[in-house]
Structure formats: structure tokens, C-alpha cells
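**Student:**
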Amino acid sequence: MESVTYKCPSCSAPIVFDGVSQSMKCSSCGNAFETETLRQFDEAMKGAEEADRFGWEAYEEGGENWLGDEGDASMYECPSCSGQIVGDANTAASFCPYCGNPAIMPKHVSGMYRPDYIIPFSVTKEQAQAALRKFYKGKPLLPKAFKSENRIESVTGIYVPFWLYDCRTDAQATFRASNTRSWSDSKYNYTKTDHYLASRAGNMDFEKVPVDGSVKLDDKYMEAIEPFDYSAALPFRSAYLSGFFADKYDLDAKDGQPRANQRIKNSAQAALESTVTGYGSVRLQNSNVQFSNGVAKYALFPVWLLNSVYRGRTYSFAMNGQTGKFVGVLPASAGRSWAWFGGIAAGLTVIISAIAIFGGFLQ
Amino acid sequence: MKKRGFSVLLPLLLIPILVIGAFSLPASADNLPRVVDNAGLLTESERAALASKIADIAEDWGMDVVVLTENGIGAKSVEAHADDFFDYEGYGLNSGRDGILFLVDMDSRQFHYSTSGYGITVFTDYGLEYIDGEVTPYLSDGDFYGAFTEYIGLADDFLREASENEPYDIWNPVDGGSYEPDPDPYEPDPYDPDYKYTALDAIYDAIQYHAEALLVIAALSVLIALVTVLIMRGKMNTARPQPYASSYIKNGLELTLAQDIFLYSTTTRTRRAESSSGGGGSSTHRSSSGSSHGGRSGRF
Numbered sequence: 000m001e002s003v004t005y006k007c008p009s010c011s012a013p014i015v016f017d018g019v020s021q022s023m024k025c026s027s028c029g030n031a032f033e034t035e036t037l038r039q040f041d042e043a044m045k046g047a048e049e050a051d052r053f054g055w056e057a058y059e060e061g062g063e064n065w066l067g068d069e070g071d072a073s074m075y076e077c078p079s080c081s082g083q084i085v086g087d088a089n090t091a092a093s094f095c096p097y098c099g100n101p102a103i104m105p106k107h108v109s110g111m112y113r114p115d116y117i118i119p120f121s122v123t124k125e126q127a128q129a130a131l132r133k134f135y136k137g138k139p140l141l142p143k144a145f146k147s148e149n150r151i152e153s154v155t156g157i158y159v160p161f162w163l164y165d166c167r168t169d170a171q172a173t174f175r176a177s178n179t180r181s182w183s184d185s186k187y188n189y190t191k192t193d194h195y196l197a198s199r200a201g202n203m204d205f206e207k208v209p210v211d212g213s214v215k216l217d218d219k220y221m222e223a224i225e226p227f228d229y230s231a232a233l234p235f236r237s238a239y240l241s242g243f244f245a246d247k248y249d250l251d252a253k254d255g256q257p258r259a260n261q262r263i264k265n266s267a268q269a270a271l272e273s274t275v276t277g278y279g280s281v282r283l284q285n286s287n288v289q290f291s292n293g294v295a296k297y298a299l300f301p302v303w304l305l306n307s308v309y310r311g312r313t314y315s316f317a318m319n320g321q322t323g324k325f326v327g328v329l330p331a332s333a334g335r336s337w338a339w340f341g342g343i344a345a346g347l348t349v350i351i352s353a354i355a356i357f358g359g360f361l362q
Numbered sequence: 000m001k002k003r004g005f006s007v008l009l010p011l012l013l014i015p016i017l018v019i020g021a022f023s024l025p026a027s028a029d030n031l032p033r034v035v036d037n038a039g040l041l042t043e044s045e046r047a048a049l050a051s052k053i054a055d056i057a058e059d060w061g062m063d064v065v066v067l068t069e070n071g072i073g074a075k076s077v078e079a080h081a082d083d084f085f086d087y088e089g090y091g092l093n094s095g096r097d098g099i100l101f102l103v104d105m106d107s108r109q110f111h112y113s114t115s116g117y118g119i120t121v122f123t124d125y126g127l128e129y130i131d132g133e134v135t136p137y138l139s140d141g142d143f144y145g146a147f148t149e150y151i152g153l154a155d156d157f158l159r160e161a162s163e164n165e166p167y168d169i170w171n172p173v174d175g176g177s178y179e180p181d182p183d184p185y186e187p188d189p190y191d192p193d194y195k196y197t198a199l200d201a202i203y204d205a206i207q208y209h210a211e212a213l214l215v216i217a218a219l220s221v222l223i224a225l226v227t228v229l230i231m232r233g234k235m236n237t238a239r240p241q242p243y244a245s246s247y248i249k250n251g252l253e254l255t256l257a258q259d260i261f262l263y264s265t266t267t268r269t270r271r272a273e274s275s276s277g278g279g280g281s282s283t284h285r286s287s288s289g290s291s292h293g294g295r296s297g298r299f
């Protein structure tokens, strides 16, 4: 006969059958459980304790080196940050989009894979510059020097390489949920908490989860300007690149998977958690996800980019070249921050005090 | 003639003795025993010592202090028994029937303090709680003479405090602080007839006068300023990583398993704070005789 050791759901100590009460009793914390409850708990926990399996198929490269045959291509390298960016004869190479350095040199191009999709630019450079000016407006904490030094002119249009991940996810999760009720009588205040174990499992399809394929470009900017409208994605033609840079990817499909895995897993867990309803508090205990039919595609998406260096730190501005959504990080002047803080604090104190005293609200 | 005259003088000589004797009788000329030891817990000398102390209190403060011990009181509550004994036996001094009775029942090991008349005022709920705390340890130890001595001593102290100051209560605790003169009394500037009182002086005085409220206003302003500046700084950074992939879900979640198991239940309880009648004073009830009594019960 197989021997099974059950664990107490409350304190995890081994639990034994108590002949007196005819139920399973924990000697450590004193809670009693029905045998059937423990069996269900045990099974639910076993199911949830499997490990995640991220099943991705290997990306098959789209074959030939397209840049070599369809017109002149130049690769530019920046001497100060070693960033490499590819443009054709029509791109105006002026400033390095990664670090802002004005000197970039053309170099011989090595192979580059043909993308599966491309979304062409719909936002013009003028619109990008207007958005940039709007972003600087109304920011009283921006140091004066930053605004005057900035080079709105040199905002650059780049096709950023993205890996797009499709997969089917089977997710399982167990949650601890509880409901609390309070009441009191003349002598005591009582609090009763009911504890539950909620098991959930389900499957979801994810389509084209983007992870940017450029190590140099900070992921947080690329994620912040999501989403791109995929219905406008077209099969690749190098003609779309004319006048813009295209970034060379340096992150493999394989290397982009961890980020995609994380985001997909978080979403799957959140979706399951949203089905646990009717409780005062819900807490995730453990979960696992199994991916299947995992496929990666390679795409180029349009982004307007500007990097400004101020006092040794880089502050970037990124704009979705299709939807116009923009994000950025600006330096906040410490001096101005303190000035505003002091001004508001002092001003409020004086005004409220004057109203209180001379309006007769104080005794 | 001489013999008859002598027999008339003798009763006349006794009159001053009787008069003096009448004045030395205890104030309660009803001859009720103040220490009624039905359970036989005290020796005769102990009983006499207690009775003498009680007589002093009656003379000093006009309060009737009674001790009653029993070996069982039947189905009655200790409160009812104490109240009824006090009322029906005729205890209580003066027109208000001022008094306090301490009943100890050995059979159920319960006690009760019953107050009446001015005793209700002097022995507040807080005061009885204090006396309970001091006397009950003696009862639990079996030192009944010690318990009653403590009880009478405390009654004396409570009566003195009520007479000199005010009855012990929440705002006048037994071990409370004592009066201290103000260490920093306000001394106005000496009068200067040529001094002109300007608006600046008015502002300065207003600030000093309302110093506490102004401090609160200043603290609030600092808080608001802090929050405002933090929000302004937050607006300077809009690039945030996206932890979810919710925009990329096709068709939504298809749930294949949803099972909720009830595990166990825990109940905790905390004792509620002992509340007197709101903010001090004494709570009262009516006994079977219809008179009002204050009181407190307990176990030892």
C-alpha cells in the first residue's frame, strides 16, 4: 500500500488521522480537516507545482542578405559608443541616434536578415519635432540649460527591429483566498477568517508579443510606446527604408524569449486571478505555464528617437512612428525642485494662516 | 429629715453622668454591629479592632462602613444580598443613608461592595475598581483580617480625599500626579506709555497666540508642497516598462478548471476594554427595597 504524507494547509506540518474526532488533525497548529479536503488540497498543490515550460520553435532566418542586392547600403558606426546603424544612400547620417555624437562613419555592411513585416512611418519629422516641443512645455522643473542645449532638429527616424512572439499558453495557478467577518458582544471582539484554496487552469493565445531586438535601445522606451497597430504591417520592401535608418538587430530570437516569457506569464496569471471572485483577499501561491506552438517573427517598426546628453547622463525621447504616442525622460533640476517646494510650502502657510486668524476660525 | 434628703440627691447626681455618657455613645445610636461575621472568619479581637476603626470613620466622616461575611446566601446574587442586608437591617447614617457595605460569601467565593447615599458619590466605579484591586489579593490568600483592614483603611482615605479635594475618579486617580505650579508663568512687558502698537506687533502677537494651530497649518502646507513637487517630477519620466502582454491576447482566456476548496477557519477574539459609565462617576441600580445603590462584584 502506498503511503502518503499529507501536509497541513495552515502550517505545513505533517498531519495525522485522529481517531477521537474521526478527522485529520494537525498536532502543530491544532486545525482539523476532513480527509476529502486534504486529498483535494494535495492534488491541487501537486498540479500547480510543475515547472514552467517555454516551448519555442527555433527561428528560421528569412534567408538571404537583402541589403547587399537591393541598392547601395551603408552601415554607419559611431566612434564614441560603437553603435551600428544601417542606412541606404538616401539616409542623412548626421548624429548618432544612440548617444548624440555628431561624427559617424560609413562602413562596409555585413549580412542582415530579411524581416517578415514592416510598418512604414506615418508620422512625419515635423510632427515628431512638434511633439518634442510639447513634451518640453509645462515642465517647470526642467533645467534651463537643457532646453537651450537640446537639438530638436536632430530627432532621427529609425526602423527598430522587433521579435514578435506567438504562442498558445496553458496556465495553471493556485491561489489562497480568504473572507473575514467581525462581530462583538459585550465582552469580546471576534474576527473569523475562512481560508480557501482556489485552483484555476486555462489556455490563452498570444499573438505577436513584441520584444525589441536591439541591445542598445533601452527596452523600457520601446515597451512604453506600444502598442503598434499590426493591421498596418506589410510584407517587407526595402523601398520603405528610404530616408530613414534601420537598426541592425543584435539580440537573437532566442535571447528575446525571456522577456516575452515574463510578460506572457504575468498576463496569464493575472487573467486567472481575475476569475477568483467573491473573496476579501486573494494571494497567488504558485503557478506554472506551458507554451506550445511558440513561433517568433522578425519585424521592423518605425520610431522617432532623440538622445540628449546632459551632465553626463543620457535622456531619451521616443515616439511611435505609426501612432504618435511618445514617452521620454527629462532631467529634473534639484535647485528648481527645492525652490518650488519651499515656495508652495511658505505660500500656503501664509495664506491659510492669514485666512484662519483674521477670518476668526481660531479661538 | 436627713435620710430623705440624701435619697433625693443621689438620682440628681446621676444625671450629669448620664448626660456625659450619652454624648460618648457612637454617632449611630442604633447598636447595629458593623462587623457581621456569619462565616466565622475573624477572632473576637480582630472583630473588635475593625469595629473600633469603623466607629472612628463614622465619627470623622459620617459614613457607615460595614463588613458582612456569609457561608452561603442561597439563590440570591451577592449584589441583591448585600443591598438587601444594608436596607432591611437599617444601616446607613444621616438622612441620605450614607454607607458602604462589603460582603464576602465563602460558599460561592464571591464578594460585593454596595454603596448608598453619599457613599455612591465618594466610591465611584473607578474607585471601587481600585479598592477591588487592592483588597482581593488578601481574600485570595485567605488573609481576611488583612482584607478588611485594607478595605477600611482605603475607605478612610477615599472619604478624606472626597472631603479635601474631590472623590477619586478617572480624572483624579488614586496614584495620580500632584499639583505643580506653572514653571513658566506669563509675565507681560512693563507698561511703556510712548510705545505705539503697530500692525507688525499685531501680527507677531497673533502668531504667538495661535502657535499650535499655525504649526499644524505649516506641516500640512509642507506635505502638500512635497506631494506637488513629487508629481511634477513624476511627469518628467514617462518611459515605463510594461510587465504585461494583455494587448496581445487573442480571443481571451478559456478557463478549463475552476475549483474552490474550503480549507479551515480561524477565529480570534480580543477582550474589550472595561468601560465605566462613559467618563467616570458611579453607575447605580435599584435594590428590592427601592433605594438606589452603587456597587461592584467579583470573585476570589
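Order-wise, the sequence lines are chains A and B. So for the first sequence, numbering that gives the first Met the number 0 puts the first residue at 0; every next one is plus one. So for the second sequence, numbering that gives the first Met the number 0 puts the first residue at 0; every next one is plus one. Backbone N, C-alpha and C define an ideal beta-carbon position, used for all residues, glycine too.
#1: Mind pulling the chain A residues with CB within less than 8 angstroms of B:Glu-253?
#2: For A:Ala-331, count the other beta carbons within 10 Å of its own beta carbon; 16 or more makes it buried, fewer makes it exposed. Which is it?
#3: Who are the Cβ neighbours of B:Leu-158 in its own chain at under 8 angstroms, not counting the five residues just before and after it?
#4: Which one or two residues does DSSP pair with A:Ser-291 in a beta bridge?
#5: Let me know if A:Leu-304 comes out buried or exposed under the rule of 16 or more other beta-carbons within 10 Å of its beta-carbon.
#6: When you compare only the Cα positions, how much space is there between A:Val-159 and A:Ser-213?
#7: Excluding the 5 residues flanking A:Glu-69 on each side, which residues of the same chain have their C-beta closer than 7 angstroms to its C-beta?
#8: Nearest-angstrom Cα distance between B:Glu-43 and B:Glu-160?
#9: Please return the same chain residues whose Cβ sits closer than 6 angstroms to the Cβ of A:Phe-32, not counting the five positions on each side in sequence.
#10: Specify, as a first and last residue, the run of the alpha helix (DSSP H) that B:Lys-195 falls within.
#11: Output the boundary residues of the alpha helix (DSSP H) element that contains B:Tyr-112.
#12: Could you work out which residues of chain A lie near B:Leu-225, taking near to mean beta carbons separated by less than 7 angstroms?
#13: Should B:Ala-244 go down as buried or exposed, given a rule of 16 or more other Cβ atoms within 10 Å for buried?
#14: What first and last residue would you give for the alpha helix (DSSP H) that runs through B:Phe-379?
#15: Cβ closer than 9 angstroms: which chain B residues qualify as neighbours of A:Ala-129?
#16: Beta-carbon within less than 7 angstroms of A:Arg-52's beta-carbon, same chain only, minus the 5 sequence neighbours each way: which residues are those?
#17: Output the residue ranges of the beta strand (DSSP E) runs that lie fully inside the region 188–274 of chain B and measure 3 residues or longer, sorted by chain position.
#18: If the cut is a Cβ gap below 7 angstroms, which residues of chain A does B:Tyr-185 touch?
#19: Starting from A:Arg-52, trace the alpha helix (DSSP H) in both directions and tell me its first and last residue.
#20: Which residue marks the beginning of the beta strand (DSSP E) containing A:Glu-206, and which one marks its end?
#21: Are there three or more Cβ pairs, one per stretch, closer than 8 angstroms when the region 172–191 of chain A is compared with the region 235–251 of chain B?
#22: A:Ala-344 and B:Val-226 - do their beta-carbons sit closer together than 8 angstroms?
#23: Please report the residue range of the beta strand (DSSP E) in which A:Asn-319 lies.
#24: In whole angstroms, give me the CA-to-CA distance for A:Lys-143 and A:Ile-157.
#25: What's the C-alpha gap between B:Arg-298 and B:Leu-102?
#26: In terms of alpha-carbon separation, which member of A:Lys-6, A:Leu-329, A:Arg-199, A:Val-85 lies closest to A:Phe-145?
#27: In angstroms with no decimal places, state the Cα-to-Cα distance between B:Ser-107 and B:Gly-141.
#28: Closer than 7 angstroms by C-beta to B:Leu-153: which residues in its own chain qualify, once you throw out the five before and the five after it? Chain order, please.
#29: From what residue to what residue does the alpha helix (DSSP H) around B:Ser-290 run?
#30: For the region 210–226 of chain A, enumerate the residues whose C-beta is nearer than 8 angstroms to any C-beta of chain B, in chain order.
#31: Would A:Lys-138 and B:Lys-234 be called neighbours here (beta carbons separated by less than 8 angstroms)?
#32: Just by C-beta distance, which residues in the region 25–38 of chain A are closer than 7 angstroms to chain B?
#33: Return the Cβ separation of B:Ile-223 and A:Leu-283 in integer angstroms, given the expectation that the two are a contact with Cβ distance under 8 angstroms.
#34: If we ignore side chains and look at the alpha-carbon of each, how far apart do A:Ala-127 and A:Asp-251 end up?
#35: For A:Phe-16, which three-state DSSP category applies?
#36: Going along chain A, which residues have a C-beta under 8 angstroms from B:Asp-305?
**Tutor:** Working from what's here:
#1: Against the second sequence, residue 253 of chain B aligns to sequence position 254. The contacting residues are Gly-201, Asn-202, Met-203.
#2: Start at 1 with the first residue of the first sequence, and residue 331 of chain A comes out as number 332. Burial call: buried.
#3: Translated into the one-based positions of the second sequence, residue 158 of chain B becomes position 159. Excluding positions up to five away in sequence, the list reads Ile-56, Asp-59, Trp-60, Met-62, Val-121.
#4: Locating residue 291 of chain A in the first sequence gives position 292, where the first residue counts as 1. BP columns for A:Ser-291 point to A:Arg-167.
#5: On the first sequence, residue 304 of chain A is found 305 positions in, with the first residue counted as 1. Classification for A:Leu-304: buried.
#6: As a first step, residue 159 of chain A must be located in the first sequence, where it is residue number 160. As a first step, residue 213 of chain A must be located in the first sequence, where it is residue number 214. For A:Val-159 and A:Ser-213, the distance between alpha carbons rounds to 7 angstroms.
#7: Here residue 69 of chain A refers to the residue found at position 70 when the first sequence is read from its first residue. Unreliable placement is indicated for A:Glu-69, whose pLDDT of 49 sits below 50; the coordinate value is still reported in the next sentence. Correct list, in chain order: Ser-237.
#8: Residue numbering aside, residue 43 of chain B sits at position 44 when the second sequence is read from its first letter. Residue numbering aside, residue 160 of chain B sits at position 161 when the second sequence is read from its first letter. Taking the straight line joining both Cα atoms gives about 31 angstroms.
#9: The residue you call residue 32 of chain A lines up with position 33 of the first sequence. Counting only Cβ-Cβ distances below 6 angstroms, and skipping sequence neighbours, we find Met-23.
#10: The residue you call residue 195 of chain B lines up with position 196 of the second sequence. Premise fails: B:Lys-195 is in no alpha helix (DSSP H) and is neither H nor E.
#11: Here residue 112 of chain B is taken as the residue at index 113 of the second sequence, counted from 1. It is not in any alpha helix (DSSP H) - B:Tyr-112 instead sits in the beta strand (DSSP E) that spans 109–115.
#12: If you number the second sequence from 1, residue 225 of chain B lands on position 226. Chain A residues near B:Leu-225: Phe-340.
#13: Sequence index remark: in the second sequence, residue 244 of chain B carries index 245 (1-based). B:Ala-244 comes out buried.
#14: This structure does not reach residue 379 of chain B, given that chain B is present from 0 up to 299, and the question cannot be answered.
#15: On the first sequence, residue 129 of chain A is found 130 positions in, with the first residue counted as 1. Correct list: empty, because the minimum Cβ distance to chain B is about 17 angstroms.
#16: Counting from one through the first sequence, the residue named residue 52 of chain A turns up at place 53. These residues qualify, in order along the chain: Gln-289, Phe-290.
#17: 248–270
#18: For the purposes of this step, residue 185 of chain B is taken as the residue at position 186 of the second sequence. Near B:Tyr-185 there are no residues of chain A at all, since even the closest Cβ is about 17 angstroms away, more than 7 angstroms.
#19: Counting from 1 along the first sequence, the entry for residue 52 of chain A is found at position 53. A:Arg-52 -> no alpha helix (DSSP H), and no H or E assigned at all.
#20: On the first sequence, residue 206 of chain A is found 207 positions in, with the first residue counted as 1. Taken as a continuous stretch (DSSP letters only), the beta strand (DSSP E) holding A:Glu-206 covers 187–211.
#21: no
#22: The count along the second sequence starts at 1 and reaches residue 226 of chain B at position 227. The count along the first sequence starts at 1 and reaches residue 344 of chain A at position 345. It is not a contact, given that the beta carbons lie outside the stated cut-off.
#23: To locate residue 319 of chain A, count along the first sequence from 1; it is residue 320. Segment 312–319, the beta strand (DSSP E) holding A:Asn-319.
#24: If you number the first sequence from 1, residue 143 of chain A lands on position 144. If you number the first sequence from 1, residue 157 of chain A lands on position 158. Between A:Lys-143 and A:Ile-157, the C-alpha separation is close to 29 angstroms.
#25: In the second sequence, counting from the first residue as 1, residue 298 of chain B sits at position 299. In the second sequence, counting from the first residue as 1, residue 102 of chain B sits at position 103. So the alpha carbons of these two residues sit roughly 11 angstroms apart.
#26: Here residue 145 of chain A refers to the residue found at position 146 of the first sequence. That would be A:Leu-329, whose Cα lies nearest to the Cα of A:Phe-145.
#27: Indexing the second sequence from 1 puts residue 107 of chain B at position 108. Indexing the second sequence from 1 puts residue 141 of chain B at position 142. Rounded to the nearest angstrom, the two C-alpha atoms are 14 angstroms apart.
#28: For the purposes of this step, residue 153 of chain B is identified with residue 154 of the second sequence, where counting begins at 1. Correct list, in chain order: Ile-130, Glu-133.
#29: For the purposes of this step, residue 290 of chain B is taken as the residue at position 291 of the second sequence. Where B:Ser-290 is concerned, there is no enclosing alpha helix (DSSP H), given that its DSSP letter is neither H nor E.
#30: Asp-217, Asp-218, Lys-219, Tyr-220, Glu-222, Ala-223, Glu-225, Pro-226
#31: In the first sequence, counting from the first residue as 1, residue 138 of chain A sits at position 139. In the second sequence, counting from the first residue as 1, residue 234 of chain B sits at position 235. In contact: A:Lys-138 and B:Lys-234 (Cβ atoms closer than 8 angstroms).
#32: Asn-30, Phe-32, Thr-36
#33: Residue numbering aside, residue 223 of chain B sits at position 224 when the second sequence is read from its first letter. Residue numbering aside, residue 283 of chain A sits at position 284 when the first sequence is read from its first letter. The Cβ separation is near 37 angstroms, so there is no contact.
#34: Numbered from 1 along the first sequence, position 128 holds the residue referred to as residue 127 of chain A. Numbered from 1 along the first sequence, position 252 holds the residue referred to as residue 251 of chain A. In a straight line, the C-alpha of A:Ala-127 is about 30 angstroms away from that of A:Asp-251.
#35: As a first step, residue 16 of chain A is located in the first sequence; it is residue number 17 there, counting from the start. Correct three-state label for A:Phe-16: strand.
#36: There is no way to answer for residue 305 of chain B, as the model of chain B reaches only from 0 to 299.
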